[in-house]
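As they're listed, the protein sequences go chains A and B.
The C-terminal residue of the first sequence carries number 212 in UniProt numbering, and the numbering is unbroken.
The C-terminal residue of the second sequence carries number 923 in UniProt numbering, and the numbering is unbroken.
Glycine residues also receive a C-beta, built at the ideal position from the N, C-alpha and C atoms.
Keep in mind the model is a prediction, meaning the values are calculated, not measured.
As structure tokens, the structure follows; a few thoughts come after it.
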Amino acid sequence: MSYAYLFKYIIIGDTGVGKSCLLLQFTDKRFQPVHDLTIGVEFGARMITIDGKQIKLQIWDTAGQESFRSITRSYYRGAAGALLVYDITRRDTFNHLTTWLEDARQHSNSNMVIMLIGNKSDLEARREVKKEEGEAFAREHGLIFMETSAKTAANVEEAFINTAKEIYQKIQDGVFDINNEANGIKIGPQHSPASQSLNVGGSGGNQGGNCC
Amino acid sequence: MDYFRKVLGAPQDVQTNSGADTVERLCERVSSSTLLDDRRDAVRALKALSKKFRLEVGTQAMDILLNVLEHDRTDAEIIGYALDTFYHIMSNEPTDEDDVSNVYGHDLGGQFTEIFIKHAENVSLLLSFLEEYDFHVRWPTVKLLTVLLTNRQKELQEIILVVPMGVSRLMDLLSDSREIIRNDALLLLNQLTKGHANIQKIVAFENAFERIIDIIRDEGATDGGIVVEDCLLLLQNLLRNNASNQNFFKEGSYIQKLKPFFQIHDEPHSKQIGWSAQKVTNMHLLLQLVRTLVSPNNPQNQTVACQKVMNQCGLLQDLCSILMASGVPADVLTETINTVSEVIRGSQMNQEYFASVLAPSTPPRPAIVVLLMSMVNEKQPFVLRCAVLYCFQSFLYKNEVGQSQIIQTLLPTAADANSITAGQLLCGGLFSADPLSNWFASVALLHAIVENPTQKEQLLRVQLATSLGSPPVSLLQQCCNMLSQGGKLQTRIGLLMILCGWLSDCPIAVSHFLNNTANVPYLISQVSSSEGDEHEAIVQGLCAFLLGICMLYNDDTSEAFSKTALKQIMQNRIGLESFTDKLSQVAQNESYTRAAKKPHLYHKHPSEIVFDYEFTRLFKSLENEVLKAVSGSGSNINGRKSGPSTEQQYKNLLKEQEDQVLLLRQRIEELQSHAISADKSIVELQRQVQQLKDQNALLKAQKGSLSPASSISSDEVDSLKREVESLRLQLHNSHIFSNTVSDENKENDPDGASVLNVTIARLQSELAHKDEEVLSLRSELDRVNEVLKQKTSEQTAASSSVSNAEVELKLQQTEEKLKLITDERNHLQERLTKSNEENLKLANTIRKLEDEKVDAVNEKENLKEEMDTLKKEQDDLLVLLADQDVKIDKYKTKLKELGQEVEDDDDDDDELGEDNEEDLDAD
Chain A
1 MSYAYLFKYI IIGDTGVGKS CLLLQFTDKR FQPVHDLTIG VEFGARMITI DGKQIKLQIW
61 DTAGQESFRS ITRSYYRGAA GALLVYDITR RDTFNHLTTW LEDARQHSNS NMVIMLIGNK
121 SDLEARREVK KEEGEAFARE HGLIFMETSA KTAANVEEAF INTAKEIYQK IQDGVFDINN
181 EANGIKIGPQ HSPASQSLNV GGSGGNQGGN CC
Chain B
1 MDYFRKVLGA PQDVQTNSGA DTVERLCERV SSSTLLDDRR DAVRALKALS KKFRLEVGTQ
61 AMDILLNVLE HDRTDAEIIG YALDTFYHIM SNEPTDEDDV SNVYGHDLGG QFTEIFIKHA
121 ENVSLLLSFL EEYDFHVRWP TVKLLTVLLT NRQKELQEII LVVPMGVSRL MDLLSDSREI
181 IRNDALLLLN QLTKGHANIQ KIVAFENAFE RIIDIIRDEG ATDGGIVVED CLLLLQNLLR
241 NNASNQNFFK EGSYIQKLKP FFQIHDEPHS KQIGWSAQKV TNMHLLLQLV RTLVSPNNPQ
301 NQTVACQKVM NQCGLLQDLC SILMASGVPA DVLTETINTV SEVIRGSQMN QEYFASVLAP
361 STPPRPAIVV LLMSMVNEKQ PFVLRCAVLY CFQSFLYKNE VGQSQIIQTL LPTAADANSI
421 TAGQLLCGGL FSADPLSNWF ASVALLHAIV ENPTQKEQLL RVQLATSLGS PPVSLLQQCC
481 NMLSQGGKLQ TRIGLLMILC GWLSDCPIAV SHFLNNTANV PYLISQVSSS EGDEHEAIVQ
541 GLCAFLLGIC MLYNDDTSEA FSKTALKQIM QNRIGLESFT DKLSQVAQNE SYTRAAKKPH
601 LYHKHPSEIV FDYEFTRLFK SLENEVLKAV SGSGSNINGR KSGPSTEQQY KNLLKEQEDQ
661 VLLLRQRIEE LQSHAISADK SIVELQRQVQ QLKDQNALLK AQKGSLSPAS SISSDEVDSL
721 KREVESLRLQ LHNSHIFSNT VSDENKENDP DGASVLNVTI ARLQSELAHK DEEVLSLRSE
781 LDRVNEVLKQ KTSEQTAASS SVSNAEVELK LQQTEEKLKL ITDERNHLQE RLTKSNEENL
841 KLANTIRKLE DEKVDAVNEK ENLKEEMDTL KKEQDDLLVL LADQDVKIDK YKTKLKELGQ
901 EVEDDDDDDD ELGEDNEEDL DAD
């Protein structure tokens, strides 16, 4: 499985907003209505294509509970992208975004791409946070925004892929130092500058001298 | 330092006292001195004392030293001393002064560790020292953290986890260019990650897999030293029981990166020397690492995914070649077999590959056969035999095709007298005198038919030729005979397990079993016997289980032992209580629980072998049903007597009976619906059986068609091998040739020079030769001149007397001579020009070799000059000759003028010539 780039993501946000379900929907294309509480972090991976290039996403799904905060903080530094998730049916999860963002900005590298996600868009009837509010928050803090539903899979692909596109663009713009793996980006094995075999330009003409 | 010197000179008991005093005074100096130098000296002295007076230094200096760490961190030296002091008082490692430190009890270091980590800030302080690059700070910090982790692992893990970037900082140590720090960091990370899934995940997130695998590779993989061992231990720490990390490991393509480490170079010299102990350890750990990824205890999808990758990247192939390689130590081989087992277990693709592996023997045999040969061989190490059985089981696990292939080798149709088959080996093992072989073979056979009714029926067809003259006996009957003959515990348990597995879910086998009337009485006698130890109890329990199975899967074809008959016998002869008791003893046995834990046979001693994992599963699933079959619906027995009755009694009875009738009707309805569904399922099952049979036939046909192909391909392989061999030989030859050629090339230049020298020498000699020739030519010319002079004088002298003809003749002769000389000269000239050309050529060669060039050119130029002068001389000579010619012409004309006949005598001519010459002179 060769790839051009490898991006490391983390998923953060309050407990119960659907982080693990988003990951499961993205990696396994299925929805699990009753999901165990995440303990610490769980890992998932998938290959996507951007601009005709294979990109491997390695995703660490973190526990939302406060007690795991110290553990999840360790993952900020090495991540290239973060999905910050709240639940549109629970206002408090939206209110906590500022804390999450501060935490993320403090511990991550400054170039980390953050995607704000309002999850559970299928539960329109129980909506407590308007889409406009999410958009406004994202605009204010320079984030990308999207509403998703891990249950119906609406926008789930897009959320992960758009984040990757943003990172990819930053690489093209030279913002990321791609040789520093601590940024959560790695160049694929076959794309690293390999030593090309040089063609030696002919051995000097050794003819002549036999003209008599 | 004075104090210190005093201490060293003091006797033992005084030493302790004065030691404490010294420590006290040093502590005071550290805390009160305002000068950094003084403090540093005092801390250095404390460090020196800290090994010998751990208790004193630990109790008195801890806070003071912590203070130093906090406030003197600009001075690397004092920090280093303080950290070393901490290390000494925390470390429980035995030192040179072991007797002294032991006085304080065993876990002094642990107690100090507790005090130290009571304030979590102390640990953060230590972690912050890791930012310091100075070796005197970083190294002792790593050592101190390691010893703290060793002493109080759980507590410290929690503290480090909470410190921001704590784990990340420790991970960064792996990139330290100083090897000693990197290596100690490996030990530190090993302690840090032990049993803590969250830290394991963070460490993995920090690219641990990549970095560790890089270190392993840089250190020479399995040929590397203890650092490789530490790396492999760390990898295992990170992966064991950590599904998330395992998934990451697989997704990060790290399995592929492990692959090169498994390539064993089959060098002849390594065969003689053997494997170093370190290499054996490294290989062992590497294999265990693979097993961690495909362990049957992992989540199944995880294991399946890893198995697939291992096949695709060629890791399984490498493992199989280690299996078949020579010179591999027995314990590595055993672990390799275990590893192969778990890589193929339950994975159809990998099992198929394994079945195709051939051992490099003559003729090539399937690896499975070669392995089974070891299994039934008493001389092989016990653990190796266990591993082979595990491998065989894993090969057959969820592998109906494999099962049928094995059973096929037992059937008479497929019998091939020449080659050894798995079936022959299993039968041999089953009836060998070695109880362990009996056990291994029966369990192996059990796995060939487990959960596979078709193969159970096929196995019934197996007939054995016992001895000459007597009729063949079926395998089933032979097993029963052996069982009834007694024998060792493992033999009987093995036989009972295969019989239980065989008869379960297979009514035909049950009826075969019951047809021999000796079997049931034997079982009854075993179960009803009350004597015996723990082991006999197992046998009795298994006999009860077998009896239960005979009831459970009884199709009532045997009249003597129909379901009801059996029940009757059991209840009368054994009793329900006793039967239940015997049956339950099986599961209560310690070896049963041990075997039920995991499929891997992790026995250390042959005596530990009792139960098989697969059998425990069978037992678990059928135990209750057997009990139900034996005890349930036992209420059929009607023991009531009808006594003197009243109307009420009759009414009651009637009501009871009516109720019963109702119940029975319901029961009948239930049973009818059951029967209908059962019929349906029977039809379906029959269809399935038919399908399976068809498939089987198809497979057989395929197999038949495949086998010639495979023989052809083996021929092809042989010829290819031969070709490869010859090519290799050619390669070798050409190699030798190229070597000699290159040698020649090396010597080429000096040779060329010498060749040139020789040519020059030759040229020189040639030139000398030509010089000589020219000289001789010149002398000849002189002579000719003289002769001419003589002639002219003669001519002039005898101008009147000598006849012209003579003169003419002489002239002709001289002309001829001259012609000869000119020819010779021309010839020489030609040679000279040729040599000139040669010289030019050589000049080209000379130019290429700059060393020799100057001399050669100079010489050559000299030669040229010489030659030029010679040419000039020759030219002169030519001119002279021309002059002579002219003169001769003149003489001729003169002679003619004189009227003398040219045809005169030579003498006259001479005289005339002399005369002429004289005349000329006179002119």
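- Cross-chain neighbours of Val201(B) in chain A, by beta carbon under 7 Å: Translated into positions along the second sequence, residue 201(B) becomes position 201. According to the sequence provided, residue 201(B) is Lys. The question's Val does not apply to it. Neighbours of Lys201(B) in chain A, taken as residues at a C-beta separation under 7 Å, are given in chain order as Gly40, Val41.
- Query: Around the C-beta of Arg783(B), are 16 or more other C-beta atoms found within 10 angstroms, so that it is buried, or is it exposed?
  - Reply: Translated into the one-based positions of the second sequence, residue 783(B) becomes position 783. Per the 10 Å Cβ criterion, exposed.
- Note the first and the last residue of the continuous beta strand (DSSP E) segment covering Trp60(A). Residue numbering aside, residue 60(A) sits at position 60 when the first sequence is read from its first letter. For Trp60(A), the enclosing beta strand (DSSP E) has its first and last residue at 53–62.
- Query: How many angstroms separate the CA atom of Glu166(A) from the CA atom of Lys19(A)?
  - Reply: Your numbering for residue 166(A) matches position 166 in the first sequence. Your numbering for residue 19(A) matches position 19 in the first sequence. Distance between the alpha carbons of Glu166(A) and Lys19(A): 20 Å.
- Is Asn516(B) helix, strand or coil when you go by DSSP? For the purposes of this step, residue 516(B) is taken as the residue at position 516 of the second sequence. Correct three-state label for Asn516(B): coil.
- Reference Gln191(B); option with closest CA among Asp214(B), Glu158(B), Ser175(B): One-based indexing of the second sequence puts residue 191(B) at position 191. With distances taken between Cα atoms, Gln191(B) lies closest to Glu158(B).
- Item | Cβ neighbour criterion (16 or more within 10 Å) applied to Met146(A) | On the first sequence, residue 146(A) is found 146 positions in, with the first residue counted as 1. The residue in question, Met146(A), is buried, as its Cβ has 16 or more Cβ neighbours within 10 Å.
- Backbone CA spacing between Glu614(B) and Asn452(B) [nearest angstrom]: Reading the second sequence from its first residue, position 614 is the one you call residue 614(B). Reading the second sequence from its first residue, position 452 is the one you call residue 452(B). C-alpha separation (whole angstroms): 13 Å.
- Task: In the DSSP assignment, find the alpha helix (DSSP H) that holds Ala82(A) and state where it starts and stops.
- Result: Within the first sequence, the letter at position 82 stands for residue 82(A). First-last for Ala82(A): 81–87, but that is the beta strand (DSSP E), not the alpha helix (DSSP H).
- Message: According to DSSP, simplified to helix, strand and coil, what is Ala45(A)?
- Response: Taking the first sequence and counting its residues from 1, the one referred to as residue 45(A) is at position 45. Here Ala45(A) sits in strand by DSSP.
- Query: Hey, does Pro299(B) have any beta-carbon neighbour from chain A nearer than 9 Å?
  - Reply: Start at 1 with the first residue of the second sequence, and residue 299(B) comes out as number 299. Proximity of Pro299(B) to chain A, defined by a Cβ-Cβ separation below 9 Å, is not satisfied.
- Buried/exposed call for Gly224(B), threshold 16 Cβ in 10 Å: Counted from its first residue, the second sequence places residue 224(B) at position 224. By the 10 Å Cβ count, Gly224(B) comes out buried.
- Query: Span of the beta strand (DSSP E) holding Met115(A)?
  - Reply: Position 115 of the first sequence holds residue 115(A). Met115(A) -> beta strand (DSSP E) spans 113–119.
- Any idea what DSSP makes of Ile11(A), helix, strand or coil? Along the first sequence, one-based indexing puts residue 11(A) at 11. Strand at Ile11(A).
- Residue span of the alpha helix (DSSP H) that contains Glu147(A), given as start and end: Position 147 of the first sequence, counted from the first residue, corresponds to residue 147(A). Segment 144–147 is the beta strand (DSSP E) holding Glu147(A); no alpha helix (DSSP H) there.
- Report, in whole angstroms, the separation of the C-beta atoms of Leu144(B) and Leu83(B), which I expect to be a contact under 8 Å. As a working mapping, residue 144(B) is identified with position 144 in the second sequence. As a working mapping, residue 83(B) is identified with position 83 in the second sequence. Right, the Cβ-Cβ distance comes to about 5 Å (below 8 Å), so this counts as a contact.
- Listed from N- to C-terminal order along the chain, which residues in the stretch 99–121 of chain A have their beta-carbon within a distance smaller than 8 Å of any beta-carbon of chain B? Taking 8 Å as the upper bound on Cβ-Cβ separation, chain B lies near residues His107 of the stretch 99–121 of chain A.
- Query: Can a CB atom of chain A be found closer than 9 Å to the CB of Phe112(B)?
  - Reply: Stepping through the second sequence from its first residue, residue 112(B) is reached at position 112. So, not an interface residue.
- Message: Distance check for Asn826(B) and Lys892(B), CA to CA, integer angstroms please.
- Response: In the second sequence, counting from the first residue as 1, residue 892(B) sits at position 892. In the second sequence, counting from the first residue as 1, residue 826(B) sits at position 826. About 26 Å.
- Message: Under 9 Å, Cβ to Cβ, is there at least one residue of chain B near Ala45(A)?
- Response: Sequence index remark: in the first sequence, residue 45(A) carries index 45 (1-based). With its beta carbon less than 9 Å from one in chain B, Ala45(A) belongs to the interface.
- Which residues, taken in chain order from the stretch 65–82 of chain A, show a beta carbon closer than 9 Å to some beta carbon of chain B? Of all residues in the stretch 65–82 of chain A, Phe68, Ser70, Ile71, Arg73, Ser74, Tyr75, Arg77, Gly78, Ala79 have a Cβ within less than 9 Å of some Cβ in chain B.
- Based on the DSSP secondary-structure assignment, which residues constitute the bridge partners of Ser474(B)? As a working note, residue 474(B) is residue 474 in the second sequence. Per DSSP, Gln463(B).
- Query: Excluding sequence positions up to five away, which residues of its chain have a Cβ less than 6 Å from the Cβ of Tyr81(B)?
  - Reply: As a position in the second sequence, residue 81(B) is number 81, starting the count at 1. Taken in chain order, the residues that qualify are Val43, Arg44, Lys47.
- Return no unless some Cβ of chain B is closer than 9 Å to the Cβ of Gln58(A). Working through the first sequence from its first residue, we reach residue 58(A) at position 58. Output row for Gln58(A): interface = yes.
- Message: Under 9 Å, Cβ to Cβ, is there at least one residue of chain A near Asn207(B)?
- Response: Residue numbering aside, residue 207(B) sits at position 207 when the second sequence is read from its first letter. Answer yes: the Cβ-Cβ gap between Asn207(B) and chain A drops below 9 Å somewhere.
- Query: Are at least three pairs of beta-carbons, each pair with one atom in the stretch 275–282 of chain B and one in the stretch 234–253 of chain B, less than 8 Å apart?
  - Reply: The stretch 275–282 of chain B, when compared against the stretch 234–253 of chain B, does not touch it at the 8 Å Cβ threshold.
- What do you reckon, are the CB atoms on Leu622(B) and Leu552(B) nearer than 9 Å? One-based indexing of the second sequence puts residue 622(B) at position 622. One-based indexing of the second sequence puts residue 552(B) at position 552. When the beta-carbon positions are compared, Leu622(B) and Leu552(B) come within less than 9 Å of each other.
- Any idea if Pro471(B) is buried or exposed, counting beta-carbon neighbours within 10 angstroms, 16 or more meaning buried? For the purposes of this step, residue 471(B) is taken as the residue at position 471 of the second sequence. Exposed.
- Does the beta-carbon of His71(B) have 16 or more other beta-carbons within 10 angstroms, so that it is buried, or is it exposed? Residue numbering aside, residue 71(B) sits at position 71 when the second sequence is read from its first letter. It is exposed - the Cβ of His71(B) has fewer than 16 other Cβ atoms within 10 Å.
- Item | Three CB pairs or more closer than 8 Å across the stretch 431–446 of chain B and the stretch 379–396 of chain B | Because the criterion of three Cβ pairs below 8 Å is met, the stretch 431–446 of chain B and the stretch 379–396 of chain B touch.
- Measuring CB to CB, does Val369(B) end up less than 9 Å from Leu425(B)? Counted from its first residue, the second sequence places residue 369(B) at position 369. Counted from its first residue, the second sequence places residue 425(B) at position 425. With a cutoff of 9 Å on beta-carbon distance, Val369(B) and Leu425(B) are scored as near each other.
- Task: Name the two residues that bound the continuous beta strand (DSSP E) containing Lys186(A).
- Result: The count along the first sequence starts at 1 and reaches residue 186(A) at position 186. In the DSSP annotation of this structure, the continuous segment of the beta strand (DSSP E) that includes Lys186(A) starts and ends at 185–187.
- Query: For Glu133(A), which residues in chain B fall below 9 Å Cβ to Cβ?
  - Reply: Stepping through the first sequence from its first residue, residue 133(A) is reached at position 133. Within 9 Å Cβ-Cβ: nothing; Glu133(A) doesn't reach chain B, min ~31 Å.
- Message: Buried or exposed for Val343(B), going by 16 or more other Cβ atoms inside 10 Å?
- Response: For the purposes of this step, residue 343(B) is taken as the residue at position 343 of the second sequence. With 16 or more other Cβ atoms within 10 Å, it is buried.
- Message: I'd like to know whether the C-beta of Leu161(B) is nearer than 9 Å to at least one C-beta of chain A.
- Response: In the second sequence, residue 161(B) corresponds to position 161, counting from 1. Chain A, which has a Cβ nearer than 9 Å to the Cβ of Leu161(B), makes this yes.
- Classify Ser584(B) as buried or exposed, calling it buried when 16 or more other Cβ atoms lie within 10 Å of its own Cβ. The residue you call residue 584(B) lines up with position 584 of the second sequence. Around the CB of Ser584(B), fewer than 16 other CB atoms lie within 10 Å, so the residue is classed as exposed.
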